[in-house]
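What follows is one structure encoded as structure tokens, with my remarks underneath.
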Amino acid sequence: MVQIIIHAAMIAVFVIFGILFLCGKGLFFVAGYNMLPKEKKEMYDERRMLSFMAKMMFTLALCWCPALLGAILDQTFLLWIGVTLMSIMVLFSVIYANTGNRFQK
């Protein structure tokens, strides 16, 4: 029962952050960006960055759903599917966000 609550809470956290980013708030949660000097921050398109972060959060919430289903059905392989999907998504997001100057104005 505790596992189900933890998995559901993780999904809720990702959805809440997704909504926060979608509303144009929470840019200070983006790692690295909040540490930049003001001159460097002006070089970035904040709206595009927040849109990407919102999509990433919603996708991570979906990737966590098999883990929740695995906890409900007591099937460990679903947990591993969720962990694998999440790992692939995080790896893709890091590579996508850090190549091609996608968020610069």
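The opening position of the sequence shown corresponds to residue 79 in the numbering used here, with each subsequent residue numbered one higher. The beta-carbon is built from N, C-alpha and C at its ideal position, and this holds for glycine as well. Bear in mind that the values here come from a model prediction, so they are computed numbers and not experimental data.
**Message:** Tell me the rounded alpha-carbon separation between asparagine 179 and valine 172.
**Reply:** The residue given as residue 179 occupies position 101 in the sequence shown. The residue given as residue 172 occupies position 94 in the sequence shown. The alpha-carbon atoms of asparagine 179 and valine 172 are separated by roughly 13 Å.
**Asked** Cα separation between phenylalanine 99 and phenylalanine 170?
**Response** The residue you call residue 99 lines up with position 21 of the sequence shown. The residue you call residue 170 lines up with position 92 of the sequence shown. C-alpha separation (whole angstroms): 19 Å.
**Request:** Could you check if phenylalanine 92 is buried or exposed, using at least 16 other CB atoms within 10 Å of its CB as the buried criterion?
**Result:** For the purposes of this step, residue 92 is taken as the residue at position 14 of the sequence shown. Flag for phenylalanine 92 reads buried.
**Item:** N-terminal and C-terminal residue of the alpha helix (DSSP H) that tyrosine 174 is part of
**Value:** Within the sequence shown, residue 174 is the residue found at index 96, counting from 1. It spans 154-175 - the alpha helix (DSSP H) in which tyrosine 174 sits, taken as one unbroken run.
**Asked** Below 8 Å between beta carbons: does that hold for glutamine 81 and aspartate 123?
**Response** Against the sequence shown, residue 81 aligns to sequence position 3. Against the sequence shown, residue 123 aligns to sequence position 45. No, the Cβ-Cβ distance between glutamine 81 and aspartate 123 is not below 8 Å.
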